[in-house]
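Going by our numbering, the sequence shown opens with residue 218, and the numbers climb by one from there.
Here the structure comes first, spelled out in structure tokens, and everything after it is commentary.
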Amino acid sequence: MTDDELASHDHVFVASTHYARRLAARLPGAPVEPLLQAYDAARFFPDPSAGANGHDVLFVGNSRTVPRPIVADAVRAKLPLAIYGGKWERFVPAKHLRGAYVDNVNLRLQYSSAKVVLNDHWPDMRREGFLSNRLFEAAACGACVITDPVLGLEEIFGGSVLHYLDTADLARLVRGLLADEARRRSLGEAARRAVERHTFDERARVLERIIRKMS
């Protein structure tokens with residue numbers, strides 16, 4: 218959309234705090250507000266029925282027929298990676314593949330039981346600070362998450378979600394966490410608290426507030 222098209226709207230929501238600031242500067246006087254990704258609290262929560270036999274290192278997402286750096290780094294580092302998602306056969310050894318699809322109930326169980334969950338962003342999302350919904354869903358389940366660097370991460374999660382710089386750094390972080398259950402639990406609980414107010418119900422309340430204001 219062009220800036221003129223955006224400025225013609227009654228209100229503009231942006232799923233990035235960073236990009237909302239940029240857009241507001243470009244559109245003086247236009248009502249621009251961040252409205253970040255969120256999660257369904259009825260579907261994503263720490264599920265005790267998941268047990269303690271989850272994957273050591275979990276990634277959930279499709280390849281979209283291109284390699285994804287965090288997955289490639291995990292494979293290069295010889296981490297015990299389990300992948301759920303489609304079109305990975307060209308990019309990773311078959312031993313890492315666990316299924317092409319996982320529904321939301323099983324996804325909650327996977328996030329709740331995994332020791333470490335890996336997350337990444339497409340380059341434009343990372344560059345402009347659009348945090349992935351996987352961050353919110355995994356954190357809501359109390360998962361210990363490692364992601365690629367992305368603008369706005371610490372603003373939402375503080376230090377509860379770790380980011381890595383390169384293959385060696387990812388290997389160091391993951392192996393340290395696999396050996397330290399107490400730290401995994403501490404990070405997961407802190408991440409869960411960080412997203413308590415990032416539910417779809419909260420987002421709906423924001424939308425309702427704006428609609429009432431305009432009516």
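Note that beta-carbon positions come from the ideal geometry of N, C-alpha and C, so glycine has one too.
Source: prediction; values computed, not measured.
Whether R315 touches A294 by CB criterion (7 Å): As a position in the sequence shown, residue 315 is number 98, starting the count at 1. As a position in the sequence shown, residue 294 is number 77, starting the count at 1. For R315 and A294, no; Cβs fall outside 7 Å.
Exposed unless 16 or more other CB atoms sit within 10 angstroms - verdict on R339: Translated into positions along the sequence shown, residue 339 becomes position 122. The residue asked about is misnamed: residue 339 is Trp in this sequence, not Arg. That one is exposed.
Environment of G346 [buried if 16+ CB atoms lie within 10 Å]: The residue you call residue 346 lines up with position 129 of the sequence shown. By the 10 Å Cβ count, G346 comes out buried.
Selected residue, minimal CA-CA separation from R401, among R426, S330, I427 and G369: Here residue 401 corresponds to residue number 184 of the sequence shown, with the count starting at 1. Among R426, S330, I427 and G369, the Cα nearest to that of R401 belongs to S330.
Helix, strand or coil at T364 according to DSSP, with G and I counted as helix: Start at 1 with the first residue of the sequence shown, and residue 364 comes out as number 147. The answer is strand: DSSP assigns T364 an E or B state.
Other residues of its chain near L296: CB distance less than 6 Å, five sequence neighbours each side excluded: Here the question's residue 296 lines up with position 79 in the sequence shown. Same-chain partners within the cutoff: V274 and V391.
Neighbourhood of T282 by C-beta distance below 7 Å, restricted to the same chain and skipping five residues each side: For this step, residue 282 is matched to residue 65 along the sequence shown. Answer for T282: K304, listed in chain order.
Coil, strand or helix - A289 by DSSP: Start at 1 with the first residue of the sequence shown, and residue 289 comes out as number 72. In the structure shown, A289 sits in a helix (DSSP, three-state: H, G or I).
Endpoints, the alpha helix (DSSP H) within which G405 is located: Position 188 of the sequence shown, counted from the start, is the residue given in the question as residue 405. E398 to A411 is the span of the alpha helix (DSSP H), which, as asked, contains G405.
Neighbour-count burial assignment, A421, 16 or more Cβ in a 10 Å radius: Reading the sequence shown from its first residue, position 204 is the one you call residue 421. With fewer than 16 other Cβ atoms within 10 Å, it is exposed.
Alpha helix (DSSP H) runs contained entirely in the region 321-353, provided each spans 4 or more residues: 321-330 and 340-345
Limits of the unbroken alpha helix (DSSP H) element including F417: What you label residue 417 is simply residue 200 of the sequence shown in a count that begins at 1. F417 to M431 is the extent of the alpha helix (DSSP H) around F417.
Check whether N336 and Q254 have beta carbons under 7 Å apart: Working through the sequence shown from its first residue, we reach residue 336 at position 119. Working through the sequence shown from its first residue, we reach residue 254 at position 37. Contact: no.
Helix, strand or coil at H272 [DSSP, three-state]: Here the question's residue 272 lines up with position 55 in the sequence shown. Looking at H272 - three-state DSSP - the assignment turns out to be coil, as it is neither helix nor strand.
Where D290 falls, given that 16 or more other Cβ within 10 Å makes a residue buried: The residue you call residue 290 lines up with position 73 of the sequence shown. D290 is buried by the Cβ-count criterion.
Inter-residue spacing [alpha-carbon to alpha-carbon] between V206 and V229: With the chain represented from 218 up to 432, any question about residue 206 goes unanswered, as that position is not in the structure.
Nearest-angstrom Cβ-Cβ length linking A357 and A258, presumed shorter than 8 Å: For the purposes of this step, residue 357 is identified with residue 140 of the sequence shown, where counting begins at 1. For the purposes of this step, residue 258 is identified with residue 41 of the sequence shown, where counting begins at 1. Correct: roughly 7 Å between the Cβ atoms.
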